[in-house]
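The structure appears right after this line, and notes come after that.
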Amino acid sequence: MQKIMIIEDDPAVRRELSLLLENERYQVLAVSDFMDILSQFQTFDPDLVLLDLGLPDEDGFTLCMKLRNISRVPIIFITARDSSMDELQALNLGGDDYITKPYNIPVLLARIKTVLRRAAGSQEPDRMEARGLSISLSGGIACAGGQTIELTRNELRILAHLMQHPGEIVSRTELIDILWDNHIYIDDNTLSVNITRLRGKLEEIGLPDYIKTRRGMGYQI
Ligand code: CA
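Sequential numbering from 2 applies to the sequence shown in the numbering used here.
What follows is the structure, given as structure tokens:
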């Protein structure tokens with residue numbers, strides 16, 4: 002069941018949206034306490050957030066920025082305002098879509114489905130190959146020269162991203178971003194630890210220099 006978090010201060014709209022989405026078989030959390038939205042977000046861990054722009058304490062834009070600091074969750078703004086300025090700002094701040102009240106229900110549901118589908122589809126393909134190494138994301142393994150190693154989820158993500166860009170330098174920031182969609186912040190040191198462990202494993206299957214360090218710039222395969 003996909004989870005949708007509703008952040009809307011108007012109780013009538015909130016109730017209407019909750020019922021509507023529950024009828025569509027989503028699991029819904031409608032926030033009614035606006036003091037600690039971020040911790041409610043982290044506990045519920047939604048697949049999508051519906052975010053009202055006009056909220057009692059801080060507006061939806063500010064909240065969107067805060068959510069973006071900790072998560073890549075899809076965000077759809079729902080608001081009575083309808084200037085193109087707001088729309089642009091919403092999308093610039095990392096919103097995925099923008100719907101104005103009064104909303105048309107079939108359109109709202111269609112947009113939710115589209116954003117959820119897009120979020121699911123942005124994941125990497127399951128099997129990848131580059132420079133003598135192949136990986137299976139669902140199998141959690143990497144193979145080279147007939148040998149196989151098991152990799153952790155983070156190690157796989159790092160490798161998958163580097164393998165999608167062979168010959169290109171990938172910055173540390175970019176990799177940290179890749180590791181970061183499960184709402185848990187990854188710091189610089191965590192990335193270093195993962196890279197070191199990954200290199201150790203690749204060495205076991207005969208690829209000790211597979212990931213090169215480009216000093217001050219990032220990594221490259
Ligand atoms: Ca409002």
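By construction, the Cβ of each residue, glycine as well, lies at the ideal position given by its N, Cα and C atoms.
Given the structure is predicted, the values throughout are model-derived calculations rather than measurements.
Output needed for residue i: all residues of its chain with C-beta closer than 8 Å, excluding positions within five of it in sequence on either side, in chain order.
i      : result
Ile5   : Leu22, Tyr27, Gln28, Val29, Leu30, Pro47, Asp48, Leu49, Val50, Leu51, Ile113
Leu94  : Phe62, Cys65, Met66, Arg69
Gly55  : Asp10, Gly61, Thr80, Ala81, Arg82
Arg16  : Ala31
Val108 : Ile100
Gly207 : Ala145, Gly146, Gln148
Could you tell me the distance, in whole angstroms, from the CA atom of residue i to the CA atom of residue j?
i      : j      : result
Leu152 : Arg200 : 11 Å
Gln165 : Leu134 : 12 Å
Ile71  : Ser172 : 20 Å
Thr197 : Ala13  : 53 Å
Leu157 : Lys102 : 42 Å
Asn24  : Ala121 : 22 Å
For residue i, which residues from the same chain have a beta carbon less than 7 Å from its beta carbon, with the 5 sequence-adjacent residues on both sides left out?
i     : result
Asp58 : Phe35
Asp98 : Ile77, Arg112, Val116
In the DSSP assignment, find the unbroken beta strand (DSSP E) run with residue i in it and report its ends.
i      : result
Leu134 : 134-137
Ile76  : 76-80
Roughly how far, in whole angstroms, is the beta-carbon of residue i from the beta-carbon of residue j, given that I think they are within contact range, below 8 Å?
i      : j      : result
Ile106 : Phe78  : The Cβ separation is near 17 Å, so there is no contact.
Ile150 : Ile142 : 7 Å
Give me, in chain order, the residues of the same chain whose beta-carbon lies closer than 6 Å to that of residue i; leave out the 5 immediate sequence neighbours on both sides.
i      : result
Ile177 : Ile187, Leu192
Gln221 : Ile170, Lys213, Arg215
At what residues does the alpha helix (DSSP H) containing residue i begin and finish?
i      : result
Thr63  : 61-71
Val14  : 12-24
Val194 : 189-205
Thr174 : 173-179
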